[in-house]
Every structure is written in C-alpha cells, then in structure tokens.
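Novice: Residue numbers (the numbering used here): 1136 to 1547.
In structure tokens form, the structure reads like this:
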C-alpha cells in the first residue's frame, strides 16, 4: 500500500494495489541478467540515471573480474545507498566441457577445468559468480541488479521463473533463485538484500560442498592406491608426477578462491554489517535475523572447506616433492652409472691394445712358415687370449682393478 500524489501535490486517496497491478513493478524492481553480455551492459548504462552510473560501473567491473566482495556504502553527501555482494564459487558438472562463450580480450570470461585424478568420469569445474546491487535514495525508491553465471547449466531461464501454476499465477523472484514467490514482494531494500544474500550464499555453499566432497574422495582413493604399491619412484613417462602437479594446482586454486571469499565476508562482518540492523516487532526481527544467520552458516561451512583444502595441499605438495626428489635421485644414479660404464669401457680399450697389436702381428704374411715357429706362436696367442678373457671377467666384476692398474686406486 502506497500513497500517491497528483500533479498539484494534493494527496490522493490511499488505495490497495491488487497483485495484477503491481506485478510489473515487482518484476521491474530487480533487473535479473544471466550470463551478461556487452549488449546487456550497453542497455543497462543507457537506461540508468546519471546518479547511479559510477556505482553501476564499479559493480560491473567487480563482476567481470571474478572478485568476491560484500559491501554497503553511500554516495556523495549520502544521497544514495548501495548494498552489494559478489559471491565466487565453482560448479562441478559431468560430461563435455560447456565453456563460457563470452570472452574479454581474447580470453574466456569464466574458465573451465577438468577435475584431476579421474575415476572414469569426466568432471569439470566451472568458474561462477553471483552479483547483486541494490541502490536507491530511500526505502521506496530503489532498484536492484542481479547478475548470474549460468552457462554451465544450473540456473533456470528467466522465463522459467515466471511460469505460472493454478496455485500461483505470478511466478517466483529470479534474484532469490526462485526461493520467494512474487505474490509476496519485499519492499524494504535491506530485507530484500538479506533474503537474496542468504539464498545465494546457500546456493554457493551447496556447489562448494559437491565439488570439495567429490575431489576429496578422488584424492583419498589416489592416496590409498599409491600407498598400496609401496612405490616412491615414478614411472619413466612420469604419469604420477603429472597427476600430482595438476592436483596441487587445482587444490591451490580452490583454496585461494575460498580464502578470498571468506576474507571479503570477514571484512563485511567487521564493519558494514551494522547497516543491516533494524527495529520492529520481535517476530519481524526474528525473520530478519534468520537471513543473516543462514548466510553465516554457509560461510562457516566454507571455513571448514578452506581448512580441509589447506591440509590436502600440504599433503599432496609433500608427495609431489618426494616423488620429484626420488625421480631426480634415480636419474642421477643412472647418469653416474652410465659414466662409470663409459670409463670402464675406455680403460678396457686401452688395456686391450697389446692384444690388438698381437692380432695384427699374427695376420702378417712375413711370419716364418717353419712348423715349430707356427706352433709356438699359436700356443702363445691362445694363452694370451685366455689371460685377457680371464682379465675381462675380473675387470667386469671388479672395476676397481682397472683403477689400480691405471694408478687411480689411491685417489681420494
């Protein structure tokens, strides 16, 4: 119920607006956009007031940059108020990668990555952000903007929210994720902000829960598999080193995103949240506090996930470092052994030069042909071959003998 005034400033009769009359107002007080594009940005800027342009520009920038934020601030002179939040998360989906078709300077606006440690299913986690801005001059004159990433296939289409049923001919509010019916609009901007905040923090927490639980299960299975093999050295093609590297990168990315989101909420709790305090009946205050309590509950769950990811990061980083060090030591030992073998081959080549010379002598045609001389030379050659054969076996089994022969036995 609102009071209206005519052009002369005289008060008109107070009238009760039926739902059919205010439906357009309800749909218009928050502009909901899924997967915002440059055309949408242009339309918003062209239809916004001059007073809200700077606020809208900052809001759009924060949404595009994938940065979490919770803030309540006021314009110059306190003429306008601005309540906004930006919630970042990852959505886990099965099947082929549904890449974000939008791009900025040749790069995808939101990235899509394959979840490491595959268990036979191709699971991808997609960058997502939900942003809300409520700006106005008082509790009756305000506008909301809600931007949602839904390219990965989660959020309902705009038209789906407004589908009617026999029991509800007006649909649901898209900004709240369909958790509130349009037949019961919220006119208070702070209450509306709290309702959307609670609904969207809950949605983000659910997405984080699915992703972390699935990833944790894969990490535990991989850890048990590696422990059962009792192998601390990677295979020649380094498949485990590659897996662990990708896993560590994914864990660090998830942890950093959670860290930034929780830090933004802590800053909000330490300051701007006081602007959400209100007065009223006990019932009204209870409902008001429930929204904030629901958001805090979601953030508390995210704190647990942050701690879990930090522990997993330490564990898998140590595994990766150990595997890399073990592989490096193996490669170093192989290189050293190859060097020793080359040294042994070189020394044996030098040692066998007399035998090569003797072979050349026996192949000469000028050797006397008397029978006695031939028999003596043959016996000598056979004895020489036998001696060198025995020496070869000894040298192969005891390379230090070569070091002694070449005067390397006393070197430190």
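By construction, the Cβ of each residue, glycine as well, lies at the ideal position given by its N, Cα and C atoms.
Can you give me the Cβ contacts of residue 1381 inside the same chain, cut-off strictly under 6 Å, excluding the 5 residues immediately before and after it?
Specialist: For residue 1381, where only same-chain residues beyond five positions count, the Cβ hits under 6 Å are 1251.
Novice: So residue 1206 and residue 1283 are supposed to be a Cβ contact under 8 Å. How far apart are they, rounded?
Specialist: Wrong, their Cβ atoms sit about 19 Å apart, outside the cutoff.
Novice: I need the straight-line Cα distance from residue 1449 to residue 1300, nearest angstrom please.
Specialist: Straight-line Cα distance between these residues: approximately 52 Å.
Novice: Any idea if residue 1286 is buried or exposed, counting beta-carbon neighbours within 10 angstroms, 16 or more meaning buried?
Specialist: So residue 1286 counts as buried.
Novice: Going by the CB atoms, is the gap between residue 1281 and residue 1165 shorter than 8 Å?
Specialist: Their beta carbons are under 8 Å apart, which means residue 1165 touches residue 1281 by this criterion.
Novice: Got a sec? Which residues, its chain only, sit under 8 Å from residue 1190 by beta carbon, not counting five neighbours each side?
Specialist: Answer for residue 1190: 1210, 1215, 1217, 1268, 1270, listed in chain order.
Novice: Evaluate contact between the segment 1437-1446 and the segment 1396-1409, counting only Cβ atoms and requiring at least three cross-stretch pairs below 8 Å.
Specialist: Because the criterion of three Cβ pairs below 8 Å is met, the segment 1437-1446 and the segment 1396-1409 touch.
Novice: Assuming the contact rule is C-beta atoms closer than 8 Å, residue 1225 and residue 1261 should be a hit. Round their C-beta distance to whole Å, please.
Specialist: Contact holds; Cβ gap of about 6 Å.
Novice: What's the call for residue 1264, buried or exposed, on a 16-neighbour Cβ count within 10 Å?
Specialist: Buried, because 16 or more other Cβ atoms sit within 10 Å of the Cβ of residue 1264.
Novice: Using only CA atoms, which one of 1362, 1383, 1228, 1253 lies nearest to residue 1346?
Specialist: Taking only the C-alpha atoms, the option nearest residue 1346 is 1228.
Novice: Near residue 1278, which residues of its chain fall below 8 Å by C-beta distance, leaving aside the five closest residues on each side in sequence?
Specialist: 1164, 1165, 1166, 1187, 1269, 1270, 1271.
Novice: Using the three-state DSSP reduction, which class does residue 1412 fall into: helix, strand or coil?
Specialist: Residue state, collapsed to three classes: coil.
Novice: Output the boundary residues of the alpha helix (DSSP H) element that contains residue 1396.
Specialist: That run of the alpha helix (DSSP H) goes 1374-1404.
Novice: Roughly how many angstroms separate the alpha carbons of residue 1193 and residue 1184, rounded to a whole number?
Specialist: Those two C-alpha atoms are separated by around 15 Å.
Novice: Might you give, ordered along the chain, the residues of its own chain that have their beta carbon closer than 7 Å to the beta carbon of residue 1386, omitting 5 neighbours on each side?
Specialist: Cβ within range, chain order: 1444, 1447, 1448, 1451.
Novice: Enumerate in chain order the residues of its own chain whose CB-to-CB distance from residue 1298 is below 8 Å, with the five nearest sequence positions on each side excluded.
Specialist: If we look at residue 1298 and ignore the five residues flanking it on each side, its Cβ neighbours are 1306.
Novice: Measuring CB to CB, does residue 1235 end up less than 8 Å from residue 1243?
Specialist: Yes.
Novice: Going along the chain, which residues of its own chain have a beta-carbon closer than 8 Å to the beta-carbon of residue 1288, five neighbours each way excluded?
Specialist: Cβ neighbours of residue 1288 beyond the five flanking positions: 1228, 1233.
Novice: Alpha carbon to alpha carbon, how far is residue 1414 from residue 1238?
Specialist: Cα to Cα, residue 1414 sits roughly 45 Å from residue 1238.
Novice: Once the 5 residues before and after residue 1394 are set aside, which same chain residues still bring their CB inside 7 Å of it?
Specialist: So the list reads 1441, once near-sequence residues are dropped.
Novice: Determine the DSSP secondary structure at residue 1172, reduced to helix, strand or coil.
Specialist: The answer is coil: DSSP assigns residue 1172 none of H, G, I, E or B.
Novice: Name the two residues that bound the continuous beta strand (DSSP E) containing residue 1277.
Specialist: Element bounds for residue 1277: 1277-1283.
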